[in-house]
Amino acid sequence: MQKKLILDTHLLNITVNRLCQQLIENHGNFEDTAIIGLQPKGIYLAEMIHDKLEKDTGTKIDLGYLDTTFFRDDFRRRDTPVKANATKVPFIIENKNVVLIDDVLYTGRSVRAAMDAMIAFGRPKKVELLVLVNRKYSRQLPIEPDYIGKDVNTMDFQKVLVELEAQGFKDNKIWLINKESK
Amino acid sequence: MSQLSQKHLLGIKDITREDIELIFETARSFKEVINRPIKKVPSLRDITIANVFFENSTRTRLSFELAEKRLSADVINFSSSSSSVKKGETLLDTVNNILAMKVDMVVMRHSSPGAPHFLAKHIDANIVNAGDGTHEHPTQALLDTYSIMEKHGSVEGLKVAIIGDILHSRVAISNIFALQKLGAEVMVCGPNTLLPKYIGSLGVKVELDVRKALQWCDVANVLRIQLERQQIKYFPSLREYSLYYGVNKRMLDELDKEITIMHPGPINRGVELNSDVADSEHSIILEQVQNGVAVRMAVLYLLAGGKA
């Protein structure tokens, strides 16, 4: 069975707690900071981190969802178009510190698209990237995360599978699987 | 599914309910995009679209052009009045010449029913029908039903009356197909001379009294009297038509409910629709125009999406 558990609920909680502490160290009371989760899966992690940060700091923090579908560079290079999701950025990001949050960082192309999509809402002062799982040695673009939940060495035929309670799964489980086996 | 079942959008008759729902879902995302400070996305960056209009149009053509530009496509425009069609070139030759310049999609309006179907058989590019004679006008029906859905939450179970010149209307035919596919009840209303003979076979109710139609429906889609297509007299005078079939504020006030008024434009004010209705809070005519851009963006995006 080519399926390896990378994170479970217990480990995920520890990891999210650590990521929140790192964010607090750098952003203080989050006065000028907004959190943006990338559709479709990054939004669950963004919500998790956002809720925890609001509880820990006792302040209201801006949270948005960004869909990058129309900004992808693989349009017409896949068999079917990617389905669009909702974008909801109900605040101005002009001159703010933006923390982009995604579940897995692989080639870096989604993050490139996200940065393009984000510019439609203003010019942020600074943009940082937080990912739960960082697949090392697989980047196709010069993009690196600022906050990392877990580093994983992976091969091309492998895939990181994220199952979160917020998506309707029974437990939080993050797997490393071989693409052939489901 | 994230792909349409068809390579072209020739008519609503050819597509499925799932296709319509996918177009609506995508249009919702594009509506959010066109209300942003920066309204443009780079999706169709390397795609060239030819707008080929053999028949006059303001709204549809502007709407398509805007949709194409908001998707970052390259756009070329062609209208028959200023072209070699006047010198006797055939439709297929004209379009093949345009395609020889490496065009990926063709948006076409033509006065002959079936013209886009004919093209689809002979050329490779994706074709979007922007109205073919008295046959179909699919994007108009999509934006009409999208606007109804936005206003009422769902189209399923709603009663929609289409009032006016049904005989010459491609908007009516496409709307009937779209509404029925989405589960609405449809009624057509107009003078006998402006109802096509076969209309009963489409499974719609037929009503001759406009007051009864308004009382029955939740949404009234009032169509334009297409004088340019009427070679013979179908009614004695415009004044008489407006007296019997024109929708005005007094008629709406007499109803015991509120109904939504739509019109695909251009309006003959004072003929099929009075200004006191067209500009009232019942009317969603300008929402239809705004949704037109989002719906057309969705159609172009989804058709272009397959592997190049």
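Here the protein sequences come in this chain order: F and B. My numbering applies: residue 638 is where the first sequence begins, and numbers increase by one. My numbering applies: residue 300 is where the second sequence begins, and numbers increase by one. Glycine residues also receive a C-beta, built at the ideal position from the N, C-alpha and C atoms.
Where the alpha helix (DSSP H) through residue i begins and ends
| i | result |
| --- | --- |
| Q659(F) | T646 to H664 |
| S541(B) | L537 to Y544 |
| N491(B) | Here N491(B) belongs to no alpha helix (DSSP H), and DSSP marks it neither H nor E. |
| E684(F) | G679 to T694 |
| K548(B) | K548 to E553 |
| A757(F) | That residue, A757(F), is in no alpha helix (DSSP H); it is neither H nor E in DSSP. |
Delimiting residues of the beta strand (DSSP E) encompassing residue i
| i | result |
| --- | --- |
| M404(B) | M404 to H409 |
| F417(B) | It is not in any beta strand (DSSP E) - F417(B) instead sits in the alpha helix (DSSP H) that spans A414 to H421. |
| G482(B) | Counting along the chain, G482(B) falls outside any beta strand (DSSP E), and DSSP gives it neither H nor E. |
| G452(B) | Taken as a continuous stretch (DSSP letters only), G452(B) belongs to no beta strand (DSSP E), as it is neither H nor E. |
| G430(B) | N425 to D431 |
| Y702(F) | D699 to L703 |
Residues bridged to residue i [DSSP beta-bridge criterion]
| i | result |
| --- | --- |
| V735(F) | A671(F) and V764(F) |
| S582(B) | I560(B) |
| Q639(F) | Bridge partners of Q639(F): none, in fact. |
| Y784(F) | L767(F) |
| T791(F) | Per DSSP, none; premise fails for T791(F). |
| F377(B) | V351(B) |
| A519(B) | A460(B) and I560(B) |
| L572(B) | V546(B) and R568(B) |
| L813(F) | K641(F) and V797(F) |
| E435(B) | D431(B) |
DSSP three-state assignment for residue i, whether helix, strand or coil
| i | result |
| --- | --- |
| D808(F) | coil |
| V594(B) | helix |
| L343(B) | coil |
| I726(F) | Rather than Ile, the amino acid found at residue 726(F) in this sequence is Val. Note: V726(F) maps to coil in three-state DSSP. |
| D313(B) | helix |
| D508(B) | coil |
| K819(F) | Unreliable placement is indicated for K819(F), whose pLDDT of 49 sits below 50; the coordinate value is still reported in the next sentence. The answer is coil: DSSP assigns K819(F) none of H, G, I, E or B. |
| V719(F) | coil |
| A607(B) | Reliability fails at A607(B), whose pLDDT of 45 lies under 50, so the model's placement of it is uncertain and no value is given. |
| D740(F) | strand |
| K368(B) | helix |
| L321(B) | helix |
| K286(B) | No information on residue 286(B) is available, as it lies outside the stretch 300 to 607 that chain B covers here. |
| E800(F) | strand |
| K773(F) | strand |
| L513(B) | helix |
| I566(B) | coil |
| L308(B) | strand |
Whether residue i touches residue j by CB criterion (9 Å)
| i | j | result |
| --- | --- | --- |
| L522(B) | S574(B) | no |
| K330(B) | Q589(B) | yes |
| A603(B) | D403(B) | yes |
| Y743(F) | L766(F) | no |
| N771(F) | G786(F) | yes |
| A754(F) | L700(F) | no |
| F707(F) | V332(B) | yes |
| T438(B) | G591(B) | yes |
| P761(F) | K733(F) | yes |
| R358(B) | N376(B) | no |
| P490(B) | Y533(B) | yes |
| D431(B) | A414(B) | yes |
| C488(B) | I531(B) | no |
| A366(B) | A593(B) | yes |
| D464(B) | I524(B) | yes |
| I472(B) | E506(B) | no |
| L466(B) | T492(B) | yes |
| R713(F) | I346(B) | yes |
| D517(B) | H451(B) | yes |
| R327(B) | A723(F) | yes |
| L682(F) | D740(F) | yes |
| I698(F) | F667(F) | yes |
| I319(B) | A477(B) | yes |
| D788(F) | K773(F) | yes |
| S378(B) | P341(B) | no |
For residue j and residue i, believed in contact at Cβ under 8 Å, the rounded distance
| i | j | result |
| --- | --- | --- |
| D443(B) | P563(B) | 7 Å |
| A757(F) | R335(B) | 5 Å |
| L303(B) | I426(B) | In fact, because the Cβ distance is near 13 Å, the residues do not count as touching under 8 Å. |
| L675(F) | L737(F) | 6 Å |
| L813(F) | V799(F) | L813(F) to V799(F), Cβ: 11 Å. No contact. |
| T325(B) | Y600(B) | 6 Å |
| S301(B) | T717(F) | 5 Å |
| I475(B) | L457(B) | So it is not a contact: roughly 14 Å between Cβ atoms. |
| L801(F) | N809(F) | 5 Å |
| D710(F) | A750(F) | 7 Å |
| V546(B) | I560(B) | 7 Å |
| R595(B) | F353(B) | The pair is not a contact, with the Cβ atoms about 19 Å apart (cut-off 8 Å). |
Residue i CB to nearest heavy atom of the ligand ADP below 8 Å
| i | result |
| --- | --- |
| Y540(B) | Annotation note on the ligand ADP: not contained in the displayed structure, which lists no ligands. |
Cutoff 9 Å: residue i Cβ touching any chain C Cβ
| i | result |
| --- | --- |
| F329(B) | In the displayed structure, chain C is absent; the protein chains listed are F and B. |
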